[in-house]
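**Student:** Submitted below is the structure of interest, expressed as structure tokens.
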Amino acid sequence: MRINDYTLRNLRTFCAVVEHGGFGGAQAVLGASPAAISTHLKDLETTLGFTLCHRGRAGFAVTPKGQEVYAEAKRMLSVMEVCEANLGTLRRMLTGHLRIGIVDSEADNPDLPIHHAIRRFFTREQQVRLTVEVGTTEALSKGLQTGDIHVAIGPFPTRHPNIDYRPVWVEDHALYCGQDHPLFDREPGAISPQEISAHPMTVRPYLQRAELAALHDPLITASVSNMEAQAVLIRSGCFLGFLPVHFAQKWVDRGEMRALGGPGLDWKSQFYIALRVQPEPTEVARLFAQDLAATLG
1 MRINDYTLRN LRTFCAVVEH GGFGGAQAVL GASPAAISTH LKDLETTLGF
51 TLCHRGRAGF AVTPKGQEVY AEAKRMLSVM EVCEANLGTL RRMLTGHLRI
101 GIVDSEADNP DLPIHHAIRR FFTREQQVRL TVEVGTTEAL SKGLQTGDIH
151 VAIGPFPTRH PNIDYRPVWV EDHALYCGQD HPLFDREPGA ISPQEISAHP
201 MTVRPYLQRA ELAALHDPLI TASVSNMEAQ AVLIRSGCFL GFLPVHFAQK
251 WVDRGEMRAL GGPGLDWKSQ FYIALRVQPE PTEVARLFAQ DLAATLG
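Here the sequence shown stands for residues 1 to 297, numbered as in the UniProt record's numbering.
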């Protein structure tokens, strides 16, 4: 088949639909109506001569051939983005697509002003499209490895050999309980690690080893994938759990949560700026990483 501008548009639409599990999420990313997305997919299927995905009342599902088309399209679109960025460099103009990944719960962190780095980058003369993804460290790591994210910031407890990690900031964490928890009204310092270990805890699996280092045989009965879910369980009064101090502060100020002080119950999480080593990052990605480092430094 011949690749033209319409085919590229349709392939981009198809990739967005696959990545967002249907029309809903893709509609917001593409800025297109469901009818337009449906037309693009139908045109692509007509060009290819086979069905890419099933959509309807039964839900959205990609066909086996659709999965292969998605993989090929991602490879081709990635090469085109690098080419676009390199051509922009030759004409001394920042061009291309910048995809930033940020670990969840950091938007209101005064010590991590990522928005200042974004402003610093976009005050330059540029023609750059921006996508920002907020997710867990596992999701950001996967995105860095596949090229779906160009620059990410987070704790990254698991390292990958093809990712470069630059330490930039340290986040304070503490163990919290909600106002309805039996330990909430106890005197600070009067609670032993053994007593804490007897109460149900909620953990984030990707940080479990660091969080529980000071506790012996803790009673883990819940797990979550992000900070927001962790805060919900702590506020229920049924679970103890660790949170970043800046993130928990609003509930502490309202009297809905308190930190349980004690040896080893406060710990620090190292944050990194992460970029993929190979293929080599584009000039756009490298420059934003520099702006991020300068802002946080």
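A virtual CB, placed ideally from N, CA and C, is assigned to each residue, including glycine. The model shown is predicted, which means the values in this text are computed figures rather than measured ones.
Rounded to the nearest angstrom, what separates R55 and A35 at their Cα positions?
**Tutor:** The residue you call residue 55 lines up with position 55 of the sequence shown. The residue you call residue 35 lines up with position 35 of the sequence shown. The alpha-carbon atoms of R55 and A35 are separated by roughly 13 angstroms.
**Student:** Taking E106 as the reference, which of P157, R99 and G135 has the closest Cα?
**Tutor:** Within the sequence shown, the letter at position 106 stands for residue 106. Selected option, being the one with the closest Cα: G135.
**Student:** Examine the Cβ distances between the segment 180 to 194 and the segment 125 to 140 and report whether three or more of them are shorter than 8 angstroms.
**Tutor:** Too few Cβ pairs lie closer than 8 angstroms, so no.
**Student:** Taking contact to mean 3 or more Cβ pairs, one atom from each stretch, closer than 8 angstroms, check whether the segment 125 to 132 and the segment 94 to 101 are in contact.
**Tutor:** Short answer: they touch.
**Student:** Going by the beta-carbon positions, is the gap between K268 and V170 smaller than 8 angstroms?
**Tutor:** Here the question's residue 268 lines up with position 268 in the sequence shown. Here the question's residue 170 lines up with position 170 in the sequence shown. Yes, these two residues count as a Cβ contact at 8 angstroms.
**Student:** If you follow the alpha helix (DSSP H) that V17 is part of, which residue opens it and which one closes it?
**Tutor:** Residue 17 sits at position 17 when you count from the first residue of the sequence shown. Element bounds for V17: D5 to E19.
**Student:** Hey, out of L233, G147, G31 and L11, whose CA is closest to C53's CA?
**Tutor:** Residue 53 sits at position 53 when you count from the first residue of the sequence shown. The option with the nearest alpha carbon to C53 is L11.
**Student:** Which term fits D104, buried or exposed, when burial requires 16 or more other beta carbons within 10 angstroms of its beta carbon?
**Tutor:** Here residue 104 refers to the residue found at position 104 when the sequence shown is read from its first residue. Buried: at least 16 other Cβ atoms inside 10 Å.
**Student:** Y176 and A259 look like a contact to me (Cβ under 8 angstroms); what is the Cβ gap, rounded to whole Å?
**Tutor:** One-based indexing of the sequence shown puts residue 176 at position 176. One-based indexing of the sequence shown puts residue 259 at position 259. Going by Cβ atoms, the distance from Y176 to A259 rounds to 6 angstroms, so yes, they are a contact pair.
**Student:** What are the start and end residues of the alpha helix (DSSP H) that includes A294?
**Tutor:** The residue you call residue 294 lines up with position 294 of the sequence shown. A294 -> alpha helix (DSSP H) spans E283 to L296.
**Student:** With the cut-off set at 8 angstroms, would you say Q126 and L87 are in Cβ contact?
**Tutor:** The sequence position of residue 126 within the sequence shown is 126, counting from 1. The sequence position of residue 87 within the sequence shown is 87, counting from 1. The answer is no: Cβ separation not under 8 angstroms.
**Student:** Taking L215 as the reference, give the member of C238, F242 and M227 with the closest Cα.
**Tutor:** Position 215 of the sequence shown, counted from the first residue, corresponds to residue 215. For L215, the nearest C-alpha among the options comes from F242.
**Student:** Report the rounded CA-to-CA distance for R2 versus R92, giving the unit in angstroms.
**Tutor:** Here residue 2 corresponds to residue number 2 of the sequence shown, with the count starting at 1. Here residue 92 corresponds to residue number 92 of the sequence shown, with the count starting at 1. Each residue's alpha carbon lies about 31 angstroms from the other.
**Student:** Here's a check: name, in chain order, each residue in its chain whose Cβ is nearer than 6 angstroms to the Cβ of S225, leaving out the five neighbours to either side.
**Tutor:** As a first step, residue 225 must be located in the sequence shown, where it is residue number 225. Once the five neighbours on either side are set aside, the close Cβ partners of S225 are T136.
**Student:** Where does E62 fall in DSSP's three states?
**Tutor:** Within the sequence shown, the letter at position 62 stands for residue 62. The sequence shown places Val at residue 62, not Glu. Three-state result, V62: strand.
**Student:** Between A174, V245 and T221, which has its C-alpha nearest A213's C-alpha?
**Tutor:** What you label residue 213 is simply residue 213 of the sequence shown in a count that begins at 1. The residue with the shortest Cα to Cα distance from A213 is A174.
**Student:** According to DSSP, simplified to helix, strand and coil, what is F121?
**Tutor:** In the sequence shown, the residue the question calls residue 121 occupies position 121. Helix.
**Student:** Is the segment 4 to 18 in contact with the segment 35 to 45, if contact means three or more CB pairs nearer than 8 angstroms?
**Tutor:** Judged by Cβ distances under 8 angstroms, the segment 4 to 18 makes contact with the segment 35 to 45, as three or more pairs qualify.
**Student:** Tell me which residues share the same chain as H116 and place their Cβ nearer than 6 angstroms to its Cβ, disregarding the 5 neighbours each side in the sequence.
**Tutor:** Here residue 116 corresponds to residue number 116 of the sequence shown, with the count starting at 1. Hits under 6 angstroms: T295.
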